[in-house]
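Input: a single structure, listed below in structure tokens.
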Amino acid sequence: MDQKLSGKTALVTGASSGQGAAEARLFAQSGARVVLADIADDAGEELAKAIRDAGGDARFQHLDVADEDNWRSVIAQIGSEFGGLNILVNNAGIPLRGGNITNTSLADWNRLMSVNLTGAFLGIREASPLIRDSNGGAIVNTGSIAGLTGHFATAYSASKWGLRGITKSAAMELIDWKIRVNAVHPGLVHTPLVEESVDFVKALADQTPMERGATSEEVARVVLFLACDESSYITGHDIAVDGGFTDIGGYWRVLKQVMAQPDQRI
Ligand SMILES: NC(=O)c1ccc[n+]([C@@H]2O[C@H](COP(=O)([O-])OP(=O)(O)OC[C@H]3O[C@@H](n4cnc5c(N)ncnc54)[C@H](O)[C@@H]3O)[C@@H](O)[C@H]2O)c1
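Read left to right, the sequence shown gives residues 995 to 1260 (the working numbering).
Quick look at the structure:
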């Protein structure tokens, strides 16, 4: 495996499951010292151990991304233990099923925003000085196609659109600290986050030009690219990792429908 992150320290939030877990594994395989952060302690400890057993450098750290004090202590600990931080992946996120605007409670709205949006804000605010003092680095935020297009879950969509605003503002404000800030926007990814939404998963896979969802590893490879020096001239950017859903999905469906006619004419 190419050691693209050799000598780097990376913090990945939401690393106990799904995409965050894949990112932690890939980063470790790429030579990074990885701090896996999550509220799911047992799964995170287990994964960190599995990474170490496979020869990687990883440790788990309890972190509720919505908790300001928790962020402060985690960053302080990374600073004192490792002497620096180069990469932050704000990946932790929660969904809101069936949450259209007329039936979303304020409590659900606030809970979702506190994780998906405030979590990234706090992470960038708290980690950036340490990344600056480590000679700069990269921050990658995990958005969603729900933040690229209209979407039926208002709070979730708003949180992911908001994350794009944070990405672009932070990219501008942190450029003098040599910190690049970018975002990935996954479409359907087969993780525990969507596994209960069977009809949704099937419909979204069917409506995606590649006619399937992504694996967590496919997203992790894009996050690795944005985190490492191969993307050294990219900042403030959104990358959809969605099998073509956002950019070509509309006309792909039109084309598919037309081509299905026996005497089709475009
Ligand atoms: N799965 C998809 O189809 C999909 C699509 C687009 C975007 N996303 C986004 O990808 C990201 C990762 O999701 P996933 O699909 O891997 O889901 P997942 O449920 O497998 O993993 C999410 C992780 O975040 C952790 N988490 C939840 N709240 C937290 C908190 N307050 N503090 C710290 N950690 C917390 C969970 O414990 C879990 O380990 C999320 O931001 C999600 O919104 C997922």
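Heads up, the beta-carbon is just placed ideally off N, CA and C, and yes, glycines get one too. Nothing here was measured: the structure is a model prediction, and the numbers come from that model.
- Closest option to residue 1242, judged by alpha-carbon separation, among 1047, 1071 and 1202: 1202.
- Of the heavy atoms belonging to ligand 1, none sits nearer than 6 Å to the Cβ of residue 1045.
- Sorting 1250, 1005 and 1233 by C-alpha distance to the C-alpha of residue 1125 places 1005 at the top.
- In this structure, the C-beta of residue 1085 approaches ligand 1 to less than 6 Å from one of its heavy atoms.
- Its Cα nearest to that of residue 1116, the residue 1064 stands out among 1091, 1064 and 1001.
- Taking every protein chain shown into account, the CB of residue 1100 has fewer than 16 other CB atoms within 10 angstroms, so this residue is exposed.
- The way I'd put it, the segment 1205-1220 doesn't touch the segment 1145-1155; fewer than three beta-carbon pairs between them come closer than 8 Å.
- Contact annotation, residue 1144 with residue 1157: C-beta distance approximately 16 Å; criterion of less than 8 Å not satisfied.
- Placement of the Cβ of residue 1134 at a distance of 6 Å or more from every heavy atom of ligand 1 is found.
- Distances from the CB of residue 1122 to the heavy atoms of ligand 1 are all 6 Å or more.
- Between the segment 1029-1048 and the segment 1226-1238, the count of C-beta pairs closer than 8 Å stays below three; the two stretches do not touch.
- By the Cβ criterion, the segment 1051-1062 is not in contact with the segment 1248-1256, since fewer than three pairs of Cβ atoms, one from each stretch, lie closer than 8 Å.
- It is roughly 34 Å from the alpha-carbon of residue 999 to the alpha-carbon of residue 1090.
- Rounded to the nearest whole angstrom, the CA to CA distance from residue 1229 to residue 1260 is 39 Å.
- Taking a C-beta distance under 7 Å as the contact criterion, residue 1021 and residue 1028 qualify as a contact pair.
- The C-beta of residue 1017 has 16 or more other C-beta atoms within 10 Å across all chains shown, which makes the residue buried.
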